[in-house]
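Q: Residue numbering for the sequence shown follows the numbering used here, beginning at 42 and increasing consecutively.
For glycine and all other residues, C-beta sits at the position ideal for the given N, C-alpha and C.
Following this message is one structure expressed as structure tokens.
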Amino acid sequence: MASSSTVKTLENTQIKPSSESPNSASQSPLSLTFFDTNWFKISPVERLFFYNLNGSTRAYFSSQIVPKFKQSLSVAPHHYLPITGNRKWPSNAPKPFIYYALNNGVSLIVAESDADFDRLTGDGIIEALELHPLMSQMITSDDSASILSIQITLFPDKGFSIGITAHHIFLDGKTRTMFMKTWTYLCRQGTEQNSELPPELIPSFAGKLSKILEGLTLISYA
42 MASSSTVKTL ENTQIKPSSE SPNSASQSPL SLTFFDTNWF KISPVERLFF
92 YNLNGSTRAY FSSQIVPKFK QSLSVAPHHY LPITGNRKWP SNAPKPFIYY
142 ALNNGVSLIV AESDADFDRL TGDGIIEALE LHPLMSQMIT SDDSASILSI
192 QITLFPDKGF SIGITAHHIF LDGKTRTMFM KTWTYLCRQG TEQNSELPPE
242 LIPSFAGKLS KILEGLTLIS YA
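The following block contains the structure:
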């Protein structure tokens with residue numbers, strides 16, 4: 042049986058790319074390949090990570106941990122700008138696309154939970170319903186939906202969790218892993234000015250297709 046616990050939202054914000062990057066002013070639709078469109082209506086992928094941090098008071102968490110996450114998260118989109126956008130499929134468009142603009146950002150929720158951290162991170166069986174409050178939901182409307190949403194949840198004096206909700210239409214397994222490594226790398230750097238990445242973390246969204254794919258189009262997707 043799932044134990045009773047509550048999750049309180051401390052902050053609900055949008056982290057926009059910092060203005061120092063030349064890419065921060067970019068706005069453009071990102072065309073999707075034939076294979077990308079097959080993921081358009083598939084549910085987002087959720088990943089939940091737990092981190093031990095003894096003595097993690099709300100004051101320490103808010104003044105030391107959260108600012109580092111926010112700062113590095115504002116730099117990471119310089120290299121993965123489409124994650125700030127939305128997936129769209131207007132009725133007059135032949136296929137869906139991702140649109141990102143200057144005022145877009147990554148949804149970030151900062152929360153606090155009174156759940157038993159040791160039990161959630163132990164070897165016992167945990168019902169999925171207990172973990173759902175640690176994940177943020179995608180921002181959606183009638184004609185668009187976000188690509189990425191993040192929730193950071195404090196468990197006072199025990200640690201915290203990071204919940205990643207990502208849509209496979211852009212963040213497939215490899216890209217999502219590269220983004221997480223990029224965010225981690227930038228957080229460790231601890232300075233917004235130093236946003237250079239090692240070569241293995243630099244993504245490419247050139248969308249080069251072999252000739253065999255150039256003529257393929259999505260006929261219908263109910």
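Using the Cβ count rule (16 or more neighbours within 10 Å means buried), how would you classify T225?
A: As a first step, residue 225 must be located in the sequence shown, where it is residue number 184. So T225 counts as exposed.
Q: Once the 5 residues before and after V151 are set aside, which same chain residues still bring their CB inside 7 Å of it?
A: Walking along the sequence shown from the start, residue 151 turns up at place 110. L51, E52, V107 and I193.
Q: Could you compute how far the alpha carbon of K49 sits from the alpha carbon of S154?
A: Against the sequence shown, residue 49 aligns to sequence position 8. Against the sequence shown, residue 154 aligns to sequence position 113. Their Cα atoms are separated by approximately 6 Å.
Q: Since L189 is in the beta strand (DSSP E), which residue starts that stretch and which ends it?
A: Along the sequence shown, read from residue 1 onward, the residue named residue 189 stands at position 148. That run of the beta strand (DSSP E) goes L189 to F196.
Q: Check the DSSP bridge columns for Q55 and list the partner residues they point to.
A: Counting from one through the sequence shown, the residue named residue 55 turns up at place 14. Beta-bridge pairing links Q55 to S148.
Q: Can you tell me where the alpha helix (DSSP H) holding F201 begins and where it ends?
A: Reading the sequence shown from its first residue, position 160 is the one you call residue 201. Looking at the DSSP string, F201 is not in any alpha helix (DSSP H); the run it does join, the beta strand (DSSP E), is G200 to A207.
Q: To the nearest angstrom, how far is it from the Cα of N93 to the Cα of L175?
A: Within the sequence shown, the letter at position 52 stands for residue 93. Within the sequence shown, the letter at position 134 stands for residue 175. Going from the Cα of N93 to the Cα of L175 covers about 16 Å.
Q: If I measure Cβ to Cβ from S104 and keep anything under 7 Å in the same chain, skipping five residues before and after, which residues do I get?
A: Position 63 of the sequence shown, counted from the first residue, corresponds to residue 104. Excluding positions up to five away in sequence, the list is empty.
Q: Closest to A100 by C-alpha separation, out of D198, V116 and Q112, would be which residue?
A: Residue numbering aside, residue 100 sits at position 59 when the sequence shown is read from its first letter. Answer by Cα proximity: D198.
Q: Here's a check: name, in chain order, each residue in its chain whose Cβ is nearer than 7 Å to the Cβ of S185, leaving out the five neighbours to either side.
A: Looking up residue 185 in the sequence shown gives position 144. The residues are N127, R128 and K129.
Q: Among L170, S148, A142 and S84, whose alpha-carbon lies nearest the alpha-carbon of F110?
A: Working through the sequence shown from its first residue, we reach residue 110 at position 69. When only C-alpha atoms are compared, the closest one is S148.
Q: Where does the unbroken beta strand (DSSP E) through E87 begin, and where does it stop?
A: Counting from 1 along the sequence shown, the entry for residue 87 is found at position 46. Counting along the chain, the beta strand (DSSP E) containing E87 begins and ends at V86 to N93.
Q: As a quick exercise: from G231, S177 and L161, pick the residue whose alpha carbon is nearest that of S45.
A: Here residue 45 corresponds to residue number 4 of the sequence shown, with the count starting at 1. Minimum Cα distance to S45 is reached at L161.
Q: For S115, which residues of its own chain have a beta-carbon under 8 Å away from its beta-carbon, when the five flanking residues on both sides are left out?
A: Residue 115 sits at position 74 when you count from the first residue of the sequence shown. For S115, where only same-chain residues beyond five positions count, the Cβ hits under 8 Å are I56, K57, P58, S59 and E233.
Q: Applying the 10 Å Cβ sphere with the 16-neighbour rule, what's the burial state of G200?
A: Reading the sequence shown from its first residue, position 159 is the one you call residue 200. It is buried - the Cβ of G200 has at least 16 other Cβ atoms within 10 Å.
Q: Which whole-angstrom value is the C-beta distance of P123 and I188, which I expect to be below 8 Å?
A: Residue mapping note: residue 123 aligns to position 82 of the sequence shown, counting from 1. Residue mapping note: residue 188 aligns to position 147 of the sequence shown, counting from 1. Sure, about 7 Å apart at Cβ, within 8 Å.
Q: Report all residues from its chain with a CB closer than 7 Å to the CB of L172; omit the five preceding and five following residues, and keep chain order.
A: By one-based count along the sequence shown, residue 172 stands at place 131. Excluding residues within five positions, the ones whose Cβ falls inside 7 Å are L89.
Q: Which residues in the same chain have their Cβ closer than 6 Å to the Cβ of L195, if we skip the five residues on either side of it in sequence?
A: By one-based count along the sequence shown, residue 195 stands at place 154. Closer than 6 Å at Cβ, skipping near neighbours: F102, E153 and F201.
Q: Leaving out five residues before and five after R217 in sequence, what residues of the same chain have Cβ atoms less than 8 Å from its Cβ?
A: As a position in the sequence shown, residue 217 is number 176, starting the count at 1. Answer for R217: V86, R88, I205 and A207, listed in chain order.
Q: Tell me which residues share the same chain as L227 and place their Cβ nearer than 7 Å to its Cβ, disregarding the 5 neighbours each side in the sequence.
A: Here residue 227 refers to the residue found at position 186 when the sequence shown is read from its first residue. Excluding positions up to five away in sequence, the list reads S113, V116, A117 and S236.
Q: Is it buried or exposed for S190, if we count other Cβ within 10 angstroms and need 16 for buried?
A: As a working note, residue 190 is residue 149 in the sequence shown. S190 is buried by the Cβ-count criterion.
Q: Which residues mark the beginning and the end of the alpha helix (DSSP H) in which K129 is found?
A: Sequence index remark: in the sequence shown, residue 129 carries index 88 (1-based). Counting along the chain, K129 falls outside any alpha helix (DSSP H), though it belongs to the beta strand (DSSP E) covering N127 to K129.
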